[in-house]
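What follows is a set of notes on a single structure, which appears directly below.
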Amino acid sequence: MVAVADMPAVTTAEPREEVYDKPINLYELKTYHEVIDEIYYKVTHLEPWEKGSRKTAGQTGMCGGVRGVGAGGIVSTAYCLLYKLFTLKLTRKQINGLITHPDSPYIRGLGFMYIRYTQPPADLWDWYDQYLEDPE
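Positions in the sequence shown are counted from 1; adding 7 to them yields the working numbering.
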């Protein structure tokens, strides 16, 4: 298990093969480039849960829309692949490759999420500054 600061426990505990019921095996993805290709072909949103997979009926108040509060659901493709990126322990060059990738906003988005969960808070501005007004 990769220790990741601020990563919701449900996303670090559940992205295993049996939860990731897409036509892929996370354990077969061994390299950074294989994961990038998988993001390009499979990710359609960056939400933590697959759409329609959570039972939120009857939940009201502060817990009604909170992720992981007794609603179950299927962890999204994006979060499963983000978890896989954590296990690869990316280099600075690879992280830069994610956030500057020209082919997919989802690859870039997961790059920024990776930075958010793995870098010290004091360094976040340095990573994000030049991308804050990015049109994509």
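Quick reminder that beta carbons are idealized off the backbone N, C-alpha and C, glycines included.
Supposed close pair residue i, residue j - CB separation, criterion 8 Å
i	j	result
alanine 85	histidine 40	With 8 Å as the limit, alanine 85 and histidine 40 do not qualify as a contact, their Cβ atoms being about 18 Å apart.
Cut-off 6 Å between Cβ atoms - residues of its own chain near residue i, not counting five sequence neighbours on either side
i	result
serine 60	Gly80, Ile81
proline 142	none
glutamine 137	none
histidine 108	Ile114, Arg115
methionine 8	In this prediction, methionine 8 scores a pLDDT of 37, lower than 50, which makes its location untrustworthy; no coordinate-derived value is stated.
serine 57	This sequence places glutamate at residue 57; serine is not what is there. Correct list, in chain order: Ile81, Ser83.
tyrosine 27	Annotation note: pLDDT 48 at tyrosine 27 (below 50); position unreliable, no value reported.
Residue i vs residue j beta-carbon contact at 8 Å
i	j	result
isoleucine 106	phenylalanine 93	no
isoleucine 46	leucine 117	yes
Proximal residues to residue i (C-beta, below 8 Å), its chain only, five neighbours per side dropped
i	result
leucine 131	Ile122, Arg123
Sequence-distant residues of its chain with Cβ nearer than 7 Å to residue i (five each side left out)
i	result
valine 50	Thr84, Ala85, Leu88, Tyr113
lysine 91	Leu33, Leu36, Val42
glutamine 101	Tyr39
Residue range of the alpha helix (DSSP H) that includes residue i
i	result
glutamate 54	Run containing glutamate 54: none; DSSP gives neither H nor E here.
Proximity test, Cβ basis, 8 Å: residue i and chain B
i	result
threonine 51	Of the protein chains in this structure there is only one, and it is not chain B.
Minimum length 4: unbroken alpha helix (DSSP H) runs contained in the segment 90–142: 99–106, 112–125, 131–135
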